[in-house]
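**Student:** Here it is, the structure, as structure tokens.
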Amino acid sequence: MCNSNILIKIIENMGKNIIENKDYLTELDRVIGDADHGINMSKGFSAVDAKLDEMNGKDWGSTLKTVAMTLISTVGGASGPLYGTAFLRASTVVDGKMEIDKEDIINMFEQAVEGIKMRGKSDKGDKTILDALIPAFEALKLAYEEGKDTKTAFKMAEEAALEGVEYTKDIIAKKGRASYLGERSIGHQDPGATSTYIMIKSINEVLEQN
Amino acid sequence: MIGLVIVSHSNKIAEGIVDLCYEMAGKDLNIIPAGGTSDGRIGTDPILIKDSIEKAYDGDGVAILADIGSSIMSSELAMEMLEDDIKKKTCILDTPIVEGSIAVSVQASISKDMEDIKRAAEEARTTRKIS
């Protein structure tokens, strides 16, 4: 259903959007974190971009694994091991596959969520990546259960991720540098949830064009 | 000898701690700095940490001392990437990075037992500087 050429386009688009939003993500992080999220994520995705040719034509598992290892070795901040683990865990369920189906997509997302929960010892409501990723995953799963197609399912996932990003403005940060601020973190949008939203939106943009 | 890996967001901090430990515990230590990113930024690099653990390992085990935030996460990820025989003899110590590294390096110069190392780290965590 989704071939590995689409994956390359998705990864390329994720990189483009993350790099375009470098200053925005860093500005969000400057307010409640250590002002490096945009810089770190751009470093990571620039390194991923440089490997696109090498990944072209490979199966889903090895492509996702390359993305994971590249982010792990180049990002530098907490988002490196977090997103790296997400991609790495997702890669294990599509190892060797050139084409994937709905079930694979759900499994990949589920692994990504579980990987980030495990790595960050975190869950929904802590003002992190998970506040965008978990609602997106739940919306995607529900959409598939209701028989929706992949484009619609991802549209719903993107909307849920955006709502999750908005929700992070209302809650206290429990993880990372922002947690030192306690109640003063309220009112500010989480940079990690925002970069997750950008990545899900990037998937959508490619699906809509194909 | 138990090897030590010093994980800091700053390469200068990691290297400085290694110098300090050599001064306090002697030059024979297996102690490897793993600070900063590969392109010289402030940050941590799980691959560098993994390589450093392998370098510090001589069969007895490796203790990791880390500063804050992603240094713990990156160290945990580095450990998952290790071969099983090294992994099961590697641990992350919950202790202040400077005080803990000094205490642990002195202990590593006299004991090959990881339990002694963990005890030294724990003591460094609770020792008051001004009584």
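The listed protein sequences derive, respectively, from chains A and B.
For the first sequence, my numbering begins at 1 and goes up steadily by one.
For the second sequence, my numbering begins at 1001 and goes up steadily by one.
Ideal Cβ placement from N, Cα and C applies to all residues, glycine included.
The model shown is predicted, which means the values in this text are computed figures rather than measured ones.
1. Can you confirm whether the stretch 188 to 201 of chain A touches the stretch 1038 to 1053 of chain B when touching is taken to mean that 3 or more C-beta pairs between the two stretches lie within less than 8 Å?
2. Apart from the five residues on each side of it in sequence, which residues of its chain come closer than 8 Å, Cβ to Cβ, to M69 (chain A)?
3. Out of B:T1095, B:D1058 and B:D1085, state which residue places its alpha-carbon closest to the alpha-carbon of A1066 (chain B).
4. Taking 8 Å as the cut-off, decide whether the C-beta atoms of K65 (chain A) and S91 (chain A) are in contact.
5. Does the beta carbon of T128 (chain A) sit closer than 8 Å to a beta carbon anywhere in chain B?
6. Please classify G44 (chain A): does DSSP put it in a helix, a strand, or coil?
7. Are the beta-carbon atoms of L71 (chain A) and G44 (chain A) separated by less than 8 Å?
8. Closer than 8 Å is the cut-off here; do at least three beta carbon pairs connect the stretch 173 to 181 of chain A with the stretch 1011 to 1029 of chain B?
9. Does A1044 (chain B) come out as helix, strand or coil in the three-state DSSP assignment?
10. Kindly indicate which residue of A:L52, A:S73, A:K124 and A:L28 has the alpha-carbon position closest to the one of G1035 (chain B).
11. Once you ignore the five residues that flank L207 (chain A) on each side, which residues in its own chain have a CB closer than 6 Å to its CB?
12. So T85 (chain A) is in the alpha helix (DSSP H); what residue range does that whole segment cover?
13. Per DSSP, which residues does T1090 (chain B) bridge with? Please list them.
14. Quick check on the DSSP output: the beta strand (DSSP E) that includes P1033 (chain B) runs from which residue to which?
15. Under 7 Å between beta-carbons, which chain B residues line up against R177 (chain A)? List them in chain order, please.
16. Mind listing which residues of the stretch 1022 to 1048 of chain B have their C-beta closer than 9 Å to chain A's C-betas, in chain order?
17. Considering Cα atoms alone, identify which of B:I1068, B:A1124 and B:E1080 is closest to S1101 (chain B).
18. Hey, does A78 (chain A) have any beta-carbon neighbour from chain B nearer than 8 Å?
19. Just verifying my parser: in three-state terms, what is the DSSP assignment at N56 (chain A)?
20. Is the CB-CB distance between L133 (chain A) and I106 (chain A) below 8 Å?
21. Determine the direct distance from the alpha carbon of I11 (chain A) to that of D49 (chain A), and round the result to whole angstroms.
22. What residue does the alpha helix (DSSP H) around S1074 (chain B) start on, and which one ends it?
23. Where does N3 (chain A) sit, in a helix, a strand or coil, going by DSSP?
24. Alpha carbon to alpha carbon, how far is D1060 (chain B) from K1088 (chain B)? Give it in angstroms, no decimals.
25. I believe I172 (chain A) touches E163 (chain A) by the beta-carbon criterion, under 8 Å. Please report the beta-carbon distance rounded to the nearest angstrom.
26. Measure the alpha-carbon distance for V1104 (chain B) versus E1054 (chain B) and round it to whole angstroms.
27. Quick check on this structure: which residue in A:G76, A:I6 and A:S4 has the alpha carbon closest to the alpha carbon of D36 (chain A)?
28. Spell out the partners DSSP gives G1003 (chain B) in its beta bridges.
29. Along the chain, where does the alpha helix (DSSP H) that runs through L142 (chain A) open and close?
30. Check whether the stretch 1072 to 1085 of chain B and the stretch 1108 to 1127 of chain B are in contact - that is, three or more C-beta pairs closer than 8 Å.
31. Can you pull the chain A residues whose beta carbon is under 7 Å from the beta carbon of M1079 (chain B), in chain order?
32. In terms of residues, what are the limits of the alpha helix (DSSP H) holding L181 (chain A)?
33. Of all the CB atoms in chain B, is at least one closer than 8 Å to the CB of G120 (chain A)?
34. Quick check on DSSP: helix, strand or coil for I11 (chain A)?
**Tutor:** Taking the definition as stated:
1. As far as the Cβ criterion goes, the stretch 1038 to 1053 of chain B does not touch the stretch 188 to 201 of chain A, which means the pair count is below three.
2. For M69 (chain A), where only same-chain residues beyond five positions count, the Cβ hits under 8 Å are G84 and L88.
3. Ranking the options by Cα distance to A1066 (chain B), first place goes to B:T1095.
4. Between K65 (chain A) and S91 (chain A), the C-beta spacing is below 8 Å.
5. T128 (chain A) has a beta carbon lying at 8 Å or more from every beta carbon in chain B.
6. G44 (chain A) sits in a helix when the DSSP states are folded into three classes.
7. Cβ atoms of L71 (chain A) and G44 (chain A): closer than 8 Å.
8. Cβ pair count under 8 Å is below three, so no.
9. Sequence check: residue 1044 (chain B) is Thr here, not Ala. Judged by DSSP in its simplified three-state form, T1044 (chain B) adopts coil rather than helix or strand.
10. The option with the nearest alpha carbon to G1035 (chain B) is A:S73.
11. Taken in chain order, the residues that qualify are K151 and F154.
12. Segment S79 to T92, the alpha helix (DSSP H) holding T85 (chain A).
13. For T1090 (chain B), which the question treats as bridged, DSSP gives the partners B:V1062.
14. According to the DSSP assignment, P1033 (chain B) belongs to the beta strand (DSSP E) that extends over I1031 to G1035.
15. The contact set of R177 (chain A) on chain B, defined by CB atoms closer than 7 Å, consists of G1069 in chain order.
16. Contact residues of the stretch 1022 to 1048 of chain B toward chain A are G1036, T1037, S1038, D1039, R1041, I1042, G1043, T1044, D1045, P1046, I1047 and L1048 (C-beta to C-beta distance below 9 Å).
17. The option with the nearest alpha carbon to S1101 (chain B) is B:A1124.
18. Yes, A78 (chain A) lies at the interface with chain B (some Cβ there is under 8 Å from its Cβ).
19. It is coil, neither helix nor strand.
20. In this structure, I106 (chain A) does not lie closer than 8 Å to L133 (chain A) by Cβ.
21. Taking the straight line from one Cα to the other gives about 8 Å.
22. First-last of the alpha helix (DSSP H) with S1074 (chain B): S1070 to E1080.
23. It is a strand residue.
24. Distance between the alpha carbons of K1088 (chain B) and D1060 (chain B): 11 Å.
25. Incorrect: roughly 18 Å between the Cβ atoms, too far for contact.
26. One alpha carbon belongs to V1104 (chain B), the other to E1054 (chain B), and they sit about 19 Å apart.
27. Closest option to D36 (chain A), Cα to Cα, is A:G76.
28. Under DSSP, G1003 (chain B) forms a beta bridge with B:V1062.
29. Element bounds for L142 (chain A): L130 to E145.
30. Output reads no: the stretch 1108 to 1127 of chain B does not touch the stretch 1072 to 1085 of chain B.
31. Residues of chain A with a Cβ closer than 7 Å to the Cβ of M1079 (chain B) do not exist; the shortest Cβ-Cβ separation is about 11 Å.
32. Segment: none, L181 (chain A) is in no alpha helix (DSSP H) and carries neither H nor E.
33. Yes, G120 (chain A) lies at the interface with chain B (some Cβ there is under 8 Å from its Cβ).
34. Here DSSP, grouped into helix, strand and coil, assigns I11 (chain A) to helix.
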